[in-house]
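Residue numbers (our numbering): 3 to 609.
Written out as structure tokens, the structure is:
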């Protein structure tokens, strides 16, 4: 049996109408909300043909993985991260820049002005030798490292020329900006291909390559950046066929901002590359701010991010007849430094203990955003090829105080004493999750719910996007009482510090901002009795303006006789500060809408 996920689109579906009358209500207005989670452990759920959870896509650290066992400086630390928490590797910043800036690897070819001397580069790299992985690394990562790499600003040599825009020049105020593109794109493409071919082993060579990390927004007002990416892809495909090339590695994903005007840059880049790149990419961050003593701000994680994936895929499907692969080489959340400083003043701890507790508040924001984003990525396995939480191993050589690290030197000075941060808890929470997706859905948009089965074990992950506690009622076509079970909770205490704890099974209430993982082990393997495959039918337009309080989108759905269930997905951006009152007509019928409690967290850009 096949499930077709109906309509994914953005401003509206079929007929949508703004209603200035009575405000929409929440699912429940009491202190606790009620959510029903429907669960079918014997029904395998494929999405675009993909049912198995691929851990390396979602649970990487922001690290290249090269020499990781050596850099951990302790076999027990390595074992804890790799074998107990089951991390993988996800992000490298560099590729070309180290060869240009250090060691005299790159020099201009006298016979080809503007191009690198390839023979000199190859000879220097051969003399240096290519680092080979240890037996431990080969054993633990037999398929290689599966990393996404992006280039640094100003990575390419001066002899390839500097391409800028008036906006970049104005912001640099006459200074030498690194946020530039190479002018000679063929030479730059050749150098990228050579670096990927000769500076890596087959084990650690990046799987995904973004030529530049977070380019300036003004580069998308012209086509030079698109031509550079296409030339790079063609050169890399010739020289290193296993490496995929994409971009533009945007710094943000809130394409809904300003009535979807923020989508114009990515849309033009897709069009200027004729939608031909191996993947398209952007970073996903929540930018927290102090909102009356709470952590508000520009929240993209959760429901807004679902809409952004729908927007991109709906657009490329309509314009280019392609669902594009997506790589997210950085994701997380940070900010609200002023609020964190205020909260820290009330901590009884002093000195280093207080400093680490303050860091845990930053960690809690990163964890909350990373969980919300990861659960979105998991529901798009047919297009999301890599999604990397921005969590580094350590930063002792360049900034011991950096906020996003698993380990910090004691007192920020003693590099012989590594102090673990609470960011470990993100990986601890998901450490044993694996298996095939099974049907699972919540009737409240505040609750993200995902379920997986591995042999005799059922995993259920639920995340509360709102600050309102939700009581869970299960609708389940399988024995409720397993042989053994455990409930794992991760969230924030009253003082906003993070917690992770495990407890026995019982009535489930999910606190505001809390995620819960239930692991239930049965005496026998859980069988697959049926299988559904979710597919998308897209609306015939995106970014449709609402005129006279009305707009219309059409969706053509075939194979309706084989539908198991359907979901109507609507993305709507409104002016900031506007009401939440919306009426939707689907095939002439008014569709009842429930406003999520988390809506108040999403108001900064009028999501």
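C-beta: ideal position from N, C-alpha, C; glycine also.
Flag this pair as yes or no: are the beta carbons of residue 167 and residue 253 separated by less than 8 Å? no
Does the contact criterion of 3 or more C-beta pairs under 8 Å hold for the stretch 548-563 versus the stretch 71-83? no
For residue 497, which of 564, 345, 214 has the nearest alpha-carbon? Of the listed residues, the one whose Cα sits closest to residue 497 is 345.
Own chain partners of residue 601 with C-beta closer than 7 Å, once the 5 adjacent residues on each side are dropped: 582
If you follow the beta strand (DSSP E) that residue 411 is in, where does it begin and where does it stop? 409-412
Residue 620 to residue 536, Cα distance in whole Å? Only positions 3 to 609 of the chain appear in the structure, and residue 620 is not among them; the question remains open.
Identify which residue in 562, 458, 571 has its Cα closest to the Cα of residue 529. Nearest to residue 529 by C-alpha distance, out of 562, 458, 571, is 458.
Find the nearest neighbour of residue 545 within the set 567, 527, 564, 575, judged by alpha-carbon distance. 575
Counting C-beta neighbours from all protein chains within 10 Å, is the total for residue 418 16 or more, i.e. buried, or is it exposed? exposed
Please work out which residues of its chain come closer than 6 Å, Cβ to Cβ, to residue 200, disregarding the five sequence neighbours upstream and downstream, and give them in chain order. 124, 127
Separation of residue 549 from residue 590, as counted between CA atoms: Cα-Cα distance, rounded: 19 Å.
Among 109, 65, 116, 80, nearest to residue 96 - alpha-carbon criterion: Here the closest residue by C-alpha is 65.
What does a CB cutoff of less than 7 Å around residue 154 pick up in its chain, not counting 5 residues either side in sequence? 95, 96, 99, 215
Taking the alpha carbon of residue 424 as the point to measure from, which residue in 368, 386, 439 has its own alpha carbon closest? 368
Residue 387, enclosing alpha helix (DSSP H) - first and last residue: No alpha helix (DSSP H) contains residue 387, which is instead part of the beta strand (DSSP E) from 386-391.
Which of the three DSSP states, helix, strand or coil, is assigned to residue 142? helix
Where does residue 36 fall in DSSP's three states? strand
If residue 428 sits next to residue 372, beta carbons under 8 Å apart, how far is it from one beta carbon to the other, in whole angstroms? 6 Å
Given that a residue counts as buried once 16 or more other Cβ atoms are within 10 Å of its Cβ, and exposed if not, what is residue 104? It is exposed - the Cβ of residue 104 has fewer than 16 other Cβ atoms within 10 Å.
DSSP three-state assignment for residue 246, whether helix, strand or coil: strand
Among 383, 411, 388, 387, which one has its Cα closest to the Cα of residue 395? 411
Span of the alpha helix (DSSP H) around residue 318: Looking at the DSSP string, the run of the alpha helix (DSSP H) that includes residue 318 is 305-322.
How would you call residue 400, buried or exposed, if buried means at least 16 neighbouring beta carbons within 10 angstroms? exposed
Extent of the continuous beta strand (DSSP E) to which residue 534 belongs: 532-538
If we ignore side chains and look at the alpha-carbon of each, how far apart do residue 202 and residue 209 end up? Rounded to whole angstroms, the gap between the alpha carbons of residue 202 and residue 209 is 11 Å.
Can you give me the start and stop residues for the beta strand (DSSP E) that residue 466 sits inside? 459-466
Residue environment, residue 482, which counts as buried when at least 16 other CB atoms sit within 10 Å: By the 10 Å Cβ count, residue 482 comes out exposed.
Sorted by chain position, which residues of the same chain lie with C-beta nearer than 7 Å to residue 119's C-beta, five sequence neighbours on each side aside? 109, 110, 111
Thinking C-alpha only, which one of 588, 310, 207, 51 is nearest residue 132? 207
Exposure of residue 194, with buried meaning 16 or more beta-carbon neighbours within 10 Å: buried
Any beta strand (DSSP E) of 3 or more consecutive residues that is wholly inside the stretch 180-230: 210-212
Of the listed residues 518, 305, 476, nearest to residue 37 (C-alpha basis): 476
Residues bridged to residue 234 by DSSP? Answer is none; residue 234 lacks a bridge partner.
Are there three or more Cβ pairs, one per stretch, closer than 8 Å when the stretch 271-285 is compared with the stretch 237-248? yes
Might you give, ordered along the chain, the residues of its own chain that have their beta carbon closer than 6 Å to the beta carbon of residue 599, omitting 5 neighbours on each side? Cβ contact annotation for residue 599 (same chain, cutoff 6 Å, sequence separation greater than five): 28, 448, 468, 470, in chain order.
Can you tell me whether DSSP reads residue 46 as helix, strand or coil? In the structure shown, residue 46 sits in a strand (DSSP, three-state: E or B).
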